[in-house]
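K.L.:
Below is one structure. I have some questions about it.
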Amino acid sequence: MFVRLVYESFRRQKRRKLLAGAAITLGVTVATAMIAVATDIGDKINRELRTIGANLLVTPQEDTLDVEIGGVNLKPPSDGAFLNEADLPKIKGTFWHNNITGFAPMLPVNVALQSDAKTENVTLLGTYFAKRVAFGKEEFTTGVRSTHPWWKVSGAWPDDNSHDVLLGERLAVRLSAKPGDELAVSGRELRVSGILSTGGSEDDQIVAPLSLAQEILGKPGAVRRVYVSALTKPEDALARRDPKSMSGSIYDRWYCSPYPQSIAFQLQEAIPHSHAEQIRQVAQNEGAVLTRIEGLIFLVTLAALFASALAVSAAMATAIFERRAEVGLMKALGAGRLAVASVFFAEATLLAIIGGFVGFAAGGLLAHQIGRSIFNSEIAIPPVLLPVILAIAVIVTFAGSAAAIRKAVALDPVFALRGEL
Amino acid sequence: MGVSNSAQEVAAGRAQSPHTSMFVRMLIRAAVLRRGRAASALFAMVVAAAVATAMLNLYVDVQAKLRREFRNYGANIILVGRDGASLPADALSPVETVLAGRGVAAPFALVVARTSDGQPIVVAGADFDRVRQLDRWWSVSNWPAAPQQALVGVRAVSVVSPKNQPFDLSFQGHVIHLTSAGTVQTGAAEDSRVYLSLADFSSWTGVQASTIEVAATGSPEEIAAVMHQLEQTIPAADVTPVRQIMEGEARVLGKTRATVLAAAALIILTAALCVLSTLMGWVFDRRRDFAIMKALGASNLLLNGFFAAEAAALGATGAVIGFILGIGIAAWIGRVNFHAPVVPRFSVLPFVLAGSMVVTLLSAILPISLLRRVQPAVILRGE
Chain X
2 MFVRLVYESF RRQKRRKLLA GAAITLGVTV ATAMIAVATD IGDKINRELR TIGANLLVTP
62 QEDTLDVEIG GVNLKPPSDG AFLNEADLPK IKGTFWHNNI TGFAPMLPVN VALQSDAKTE
122 NVTLLGTYFA KRVAFGKEEF TTGVRSTHPW WKVSGAWPDD NSHDVLLGER LAVRLSAKPG
182 DELAVSGREL RVSGILSTGG SEDDQIVAPL SLAQEILGKP GAVRRVYVSA LTKPEDALAR
242 RDPKSMSGSI YDRWYCSPYP QSIAFQLQEA IPHSHAEQIR QVAQNEGAVL TRIEGLIFLV
302 TLAALFASAL AVSAAMATAI FERRAEVGLM KALGAGRLAV ASVFFAEATL LAIIGGFVGF
362 AAGGLLAHQI GRSIFNSEIA IPPVLLPVIL AIAVIVTFAG SAAAIRKAVA LDPVFALRGE
422 L
Chain Z
-7 MGVSNSAQEV AAGRAQSPHT SMFVRMLIRA AVLRRGRAAS ALFAMVVAAA VATAMLNLYV
53 DVQAKLRREF RNYGANIILV GRDGASLPAD ALSPVETVLA GRGVAAPFAL VVARTSDGQP
113 IVVAGADFDR VRQLDRWWSV SNWPAAPQQA LVGVRAVSVV SPKNQPFDLS FQGHVIHLTS
173 AGTVQTGAAE DSRVYLSLAD FSSWTGVQAS TIEVAATGSP EEIAAVMHQL EQTIPAADVT
233 PVRQIMEGEA RVLGKTRATV LAAAALIILT AALCVLSTLM GWVFDRRRDF AIMKALGASN
293 LLLNGFFAAE AAALGATGAV IGFILGIGIA AWIGRVNFHA PVVPRFSVLP FVLAGSMVVT
353 LLSAILPISL LRRVQPAVIL RGE
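Here the protein sequences come in this chain order: X and Z.
Under the numbering used here, the first residue of the first sequence is numbered 2, with each subsequent residue one higher.
Under the numbering used here, the first residue of the second sequence is numbered -7, with each subsequent residue one higher.
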């Protein structure tokens, strides 16, 4: 009888059930989409923040002081220590290799640039543009095009294995050179493939493939410093502690968290004779920005959950209120409070589960669309979320119906059947 | 409460206000007599308007809030003396005039000096008070307070003052005697430098500031305007934007704003639907009132007008209360998340008001147009 009551209720009151079901579905859709966006927003914004540049810098351990003003290196060229280029792919072998979005080695070399019988001392900066590097079986592309996205080139980016170079904007104006011209640099003829504009000191420099800079310097495999761009977690009290003072389990937790400090520590382990450090301007501030945005979206998600809960309860309350006559009839026929309430609760559960499933699918689609249109990348919904969402849907539907059901159960059948109040 | 009593009250009320029309009386009585349902409809409206107000407020304000966060990245404009020359000695005051309080500017001067054992080292002159405001990421153990005190980069420590002893630096034959007040760590070029106060620096080297770093607040257009003004007031300087900061900021702000907008749209839609279903239930529930009025000869126009006026009054009341509540929520979110309240945006009010009216009118008109097709007798008989 109970099952038939519920079944017939669904079969005969299709319009009403559809309305209540639609409200639940919409509520669950919004909730799912917002939870998915909120869990993924940190990663998405983290990637956007990488456009500000690398957040870690690897230098040789025994390095002498940089003597550099306005991008002009005043240190004797052979002075100081170097890193070995062959060690660089090991960056991709560290624990947090998936968080490292790219790296770019740098090797500044002082060269003599001949133009119109004059000789000028300029800096030639060797680096990777978009070099294919292999680590084990894994192949990846890295270089300034991913770590320094604000570098703009008019003309073409040089190939990493060529002898083509980029000419800094201000230097190009001074020499009135354009893409395709040849430069006489330290006895070599180099072709300018493009004009580089960075807004920084590189505007006065020549930027060349790393192998060319090493050849000019006469030190194959030499790298002065490496800029590493990594997705990091905002710093907290644990992050700032000295790893040497930690006990085993705390050390493990520190090591396995993507703090700027622990990634720097791992880079130092991976590259022999190196010193890795966070670039505080980038690393410190991105933590702050990230925390703010995550907090904002978290609060907005709470508001969304609240609004959907309210919409679901409003729809359920209206649906139950409309069925006073039915309740009156059931009670007149001798149904107890428990029997009446359990019919309504069974219906609510059924509605919540159906609405939950449909809403979860729709919410996934919606999150996907938001990811596509705002971040140009996927927002994936973990399937673990499904039972959580279903449980929330059932609880909210129950809570929303509870007040209305209590009122319906307390109704005097006489008044209810006469349609008064 | 006795019937006669209330009838007397009503009669007294009528005598005192003879101009109160039947229409207004019906509106008021409808709300008073069915307090419970009217209150639940109003509650739904208030919550929806509050959530909508809070979301719109956040959407308008989030940009300003995040811009402030991004100013912690330091300078977004750099002034450099043209062709490596120093800036004019009084360059800072016109910069301050152009900024007019909307940003921070800090002058820097740089030379290569020699340590007592002849090693080259970059020495910088800086205004420490301004640097503290501009470059908040500098990790400084102790800021210099007295003259002849220096701030030493963590990598420079081993070269100039490994045992924290006083040290000498020489530049073109002039020697300065310094003590180390503390160390600075940034992970960048600053680590290899020694910083002095500008006064010490210029009396020692005779070199004036060559760079002014400016962190200007505002929208990209406002920053472009500041740059243009700086170029005009200080023709001896090259004014360049710090492109990675500007571009990164624009991207992150744009995406965050778009996400908040999408969320706001979803939330407002849900809230509107909540109001719609509650109100439709309320109006539907009063089909008897409707039928009696119709049976007594009310025209369709009057009936529509009555329910529309009721809905509009509910919408307006709900919107105003909700607006006040929503401003409170937005301010709370601002305080919790950004440690600064979100400024109330009264420009949001007309939108909330108009939106509430549209939703309430819609939820009144929809059931009425359904009921109109039914004979009053059928409704009065129940079903």
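C-beta atoms are modelled at their ideal positions from N, C-alpha and C, and glycine is treated no differently.
Being a predicted model, the structure only gives us computed values, none of them experimental.
May I ask you to list, following chain order, the residues of the stretch 51 to 70 of chain X that have a beta carbon less than 7 angstroms from some beta carbon of chain Z?
P.N.:
So the list reads 52, 53, 54, 58, 66, 67, 68, 69, 70, given in the order they occur along the chain.
K.L.:
Please name the residues in the stretch 221 to 250 of chain Z whose beta-carbon is closer than 7 angstroms to at least one beta-carbon of chain X, in chain order.
P.N.:
So the list reads 232, 233, 234, 235, 236, 237, 239, 240, 243, 244, 247, 248, 250, given in the order they occur along the chain.
K.L.:
Residue range of the alpha helix (DSSP H) that residue 14 of chain X falls in?
P.N.:
Position 13 of the first sequence, counting from 1, holds the residue named residue 14 of chain X. Per DSSP, residue 14 of chain X belongs to no alpha helix (DSSP H) and is neither H nor E.
K.L.:
Thinking C-beta only, is residue 43 of chain Z closer than 8 angstroms to residue 308 of chain X?
P.N.:
Here residue 308 of chain X refers to the residue found at position 307 when the first sequence is read from its first residue. Here residue 43 of chain Z refers to the residue found at position 51 when the second sequence is read from its first residue. Against a cut-off of 8 angstroms, the Cβ pair of residue 43 of chain Z and residue 308 of chain X comes out as a contact.
K.L.:
I want to verify the contact list: residues of chain Z whose CB lies under 9 angstroms from the CB of residue 199 of chain X, in sequence order.
P.N.:
Residue numbering aside, residue 199 of chain X sits at position 198 when the first sequence is read from its first letter. Here the neighbours are 235, 236.
K.L.:
Kindly list the residues whose CB is nearer than 6 angstroms to the CB of residue 330 of chain Z, restricted to its own chain and excluding five residues on each side of it in sequence; keep chain order.
P.N.:
Locating residue 330 of chain Z in the second sequence gives position 338, counting from the first residue. Only 57 meet the Cβ criterion.
K.L.:
Give a yes or no on whether the minimum CB-CB distance between residue 270 of chain Z and chain X is below 8 angstroms.
P.N.:
The residue you call residue 270 of chain Z lines up with position 278 of the second sequence. Output row for residue 270 of chain Z: interface = yes.
K.L.:
Mind checking if residue 322 of chain X is an interface residue toward chain Z, Cβ cutoff 8 angstroms exclusive?
P.N.:
Locating residue 322 of chain X in the first sequence gives position 321, where the first residue counts as 1. Yes, contact with chain Z.
K.L.:
With DSSP collapsed to three states, give me the class of residue -6 of chain Z.
P.N.:
Translated into the one-based positions of the second sequence, residue -6 of chain Z becomes position 2. Residue placement at residue -6 of chain Z is poorly supported in this model, since its pLDDT is 43, which falls under 50; the coordinates still yield a value, given next. Coil.
K.L.:
If the cut is a Cβ gap below 7 angstroms, which residues of chain Z does residue 262 of chain X touch?
P.N.:
Counted from its first residue, the first sequence places residue 262 of chain X at position 261. Neighbours of residue 262 of chain X on chain Z: none; closest Cβ ~11 angstroms, over 7 angstroms.
K.L.:
Once you ignore the five residues that flank residue 106 of chain Z on each side, which residues in its own chain have a CB closer than 8 angstroms to its CB?
P.N.:
Position 114 of the second sequence holds residue 106 of chain Z. If we look at residue 106 of chain Z and ignore the five residues flanking it on each side, its Cβ neighbours are 112, 113, 161, 162, 163.
K.L.:
Of the residues that make up the stretch 47 to 70 of chain Z, which ones have a beta carbon closer than 9 angstroms to any beta carbon in chain X?
P.N.:
So the list reads 47, 50, 54, 57, 58, 61, 62, 64, 65, 66, 70, given in the order they occur along the chain.
K.L.:
Check whether the stretch 199 to 206 of chain X touches the stretch 158 to 172 of chain X, counting contact only when three or more Cβ pairs, one atom from each stretch, lie closer than 8 angstroms.
P.N.:
As far as the Cβ criterion goes, the stretch 199 to 206 of chain X touches the stretch 158 to 172 of chain X, which means the pair count is three or higher.
K.L.:
Which chain Z residues sit within Cβ distance under 7 angstroms of residue 285 of chain X?
P.N.:
By 1-based counting over the first sequence, the position of residue 285 of chain X is 284. Per Cβ cutoff of 7 angstroms: 129.
K.L.:
Closest to residue 250 of chain Z by CA distance: which of X/111, X/30, X/371 is it?
P.N.:
On the second sequence, residue 250 of chain Z is found 258 positions in, with the first residue counted as 1. Nearest C-alpha to residue 250 of chain Z: X/371.
K.L.:
Cα separation between residue 315 of chain X and residue 70 of chain Z?
P.N.:
Locating residue 315 of chain X in the first sequence gives position 314, where the first residue counts as 1. Locating residue 70 of chain Z in the second sequence gives position 78, where the first residue counts as 1. Each residue's Cα considered, the two are about 57 angstroms apart.
K.L.:
Which residues does DSSP pair with residue 278 of chain X in a beta bridge?
P.N.:
Taking the first sequence and counting its residues from 1, the one referred to as residue 278 of chain X is at position 277. Answer by DSSP bridge pairing, in chain order: X/58.
K.L.:
Which class does residue 199 of chain Z belong to by DSSP, given the choice of helix, strand or coil?
P.N.:
On the second sequence, residue 199 of chain Z is found 207 positions in, with the first residue counted as 1. Correct three-state label for residue 199 of chain Z: coil.
K.L.:
Per the DSSP calculation, residue 162 of chain Z is bridged to which residue(s)?
P.N.:
Locating residue 162 of chain Z in the second sequence gives position 170, where the first residue counts as 1. The partner list for residue 162 of chain Z (beta bridge, DSSP) reads Z/106, Z/167.
K.L.:
Kindly indicate which residue of Z/154, Z/228, Z/283 has the alpha-carbon position closest to the one of residue 361 of chain Z.
P.N.:
In the second sequence, residue 361 of chain Z corresponds to position 369, counting from 1. Cα-wise, what sits closest to residue 361 of chain Z is Z/283.
K.L.:
Does the count of Cβ pairs from the stretch 20 to 31 of chain X and the stretch 228 to 242 of chain X closer than 8 angstroms reach three?
P.N.:
Contact fails: fewer than three Cβ-Cβ distances are below 8 angstroms.
K.L.:
Would you give the residue range spanned by the alpha helix (DSSP H) that residue 224 of chain Z belongs to?
P.N.:
In the second sequence, residue 224 of chain Z corresponds to position 232, counting from 1. Taken as a continuous stretch (DSSP letters only), the alpha helix (DSSP H) holding residue 224 of chain Z covers 212 to 225.
K.L.:
Would you list, in sequence order, the uninterrupted beta strand (DSSP E) runs of no fewer than 3 residues that lie entirely inside the stretch 238 to 284 of chain Z?
P.N.:
Qualifying beta strand (DSSP E) stretches: none in this window.
K.L.:
If residue 53 of chain X sits next to residue 179 of chain Z, beta carbons under 8 angstroms apart, how far is it from one beta carbon to the other, in whole angstroms?
P.N.:
Stepping through the first sequence from its first residue, residue 53 of chain X is reached at position 52. Stepping through the second sequence from its first residue, residue 179 of chain Z is reached at position 187. In fact, because the Cβ distance is near 14 angstroms, the residues do not count as touching under 8 angstroms.
K.L.:
Looking at residue 441 of chain Z: is its Cβ nearer than 8 angstroms to the Cβ of residue 190 of chain Z?
P.N.:
Outside the shown range of chain Z, which is -7 to 375, sits residue 441 of chain Z, and nothing can be said about it.
K.L.:
Buried or exposed for residue 14 of chain Z, going by 16 or more other Cβ atoms inside 10 Å?
P.N.:
The residue labelled residue 14 of chain Z in the question sits at position 22 within the second sequence. Residue 14 of chain Z comes out exposed.
K.L.:
How many angstroms separate the CA atom of residue 90 of chain X from the CA atom of residue 140 of chain X?
P.N.:
Here the question's residue 90 of chain X lines up with position 89 in the first sequence. Here the question's residue 140 of chain X lines up with position 139 in the first sequence. Rounded to the nearest angstrom, the two C-alpha atoms are 10 angstroms apart.
K.L.:
Put residue 365 of chain Z into one of helix, strand or coil per three-state DSSP.
P.N.:
Stepping through the second sequence from its first residue, residue 365 of chain Z is reached at position 373. Reduced to three states, the DSSP call for residue 365 of chain Z is coil.
K.L.:
Please classify residue 215 of chain X: is it buried, with 16 or more other beta-carbons within 10 angstroms of its beta-carbon, or exposed?
P.N.:
Taking the first residue of the first sequence as position 1, residue 215 of chain X is located at position 214. Under this definition residue 215 of chain X is a buried residue.
K.L.:
So is residue 178 of chain Z in contact with chain X if we call contact Cβ pairs under 8 angstroms?
P.N.:
Position 186 of the second sequence, counted from the start, is the residue given in the question as residue 178 of chain Z. Residue 178 of chain Z counts as touching chain X.
K.L.:
Alpha carbon to alpha carbon, how far is residue 343 of chain Z from residue -4 of chain Z? Give it in angstroms, no decimals.
P.N.:
Within the second sequence, residue -4 of chain Z is the residue found at index 4, counting from 1. Within the second sequence, residue 343 of chain Z is the residue found at index 351, counting from 1. Low confidence applies here, because residue -4 of chain Z scores a pLDDT of 49, under 50, leaving its location unreliable and the question unanswered by this model.
K.L.:
Exposed or buried, what is residue 167 of chain Z when buried is set at 16 or more other beta-carbons lying within 10 Å of its beta-carbon?
P.N.:
Along the second sequence, one-based indexing puts residue 167 of chain Z at 175. Exposed, because fewer than 16 other Cβ atoms sit within 10 Å of the Cβ of residue 167 of chain Z.
K.L.:
Does the count of Cβ pairs from the stretch 13 to 23 of chain X and the stretch 352 to 364 of chain X closer than 8 angstroms reach three?
P.N.:
Taking 8 angstroms as the limit for Cβ pairs, the verdict is that the stretch 352 to 364 of chain X does touch the stretch 13 to 23 of chain X.
K.L.:
Relative to chain X, which residues along the stretch 297 to 325 of chain Z have a C-beta separation below 7 angstroms, given in chain order?
P.N.:
Within the stretch 297 to 325 of chain Z, the residues whose Cβ lies closer than 7 angstroms to some Cβ of chain X are 325, listed in chain order.
K.L.:
Find the nearest neighbour of residue 171 of chain Z within the set Z/252, Z/326, Z/139, Z/197, judged by alpha-carbon distance.
P.N.:
Position 179 of the second sequence, counted from the start, is the residue given in the question as residue 171 of chain Z. Nearest C-alpha to residue 171 of chain Z: Z/139.
K.L.:
In this structure, what does DSSP give as the bridge partners for residue 285 of chain X?
P.N.:
Here residue 285 of chain X is taken as the residue at index 284 of the first sequence, counted from 1. According to DSSP, which records beta bridges pairwise, residue 285 of chain X is partnered with nothing at all.
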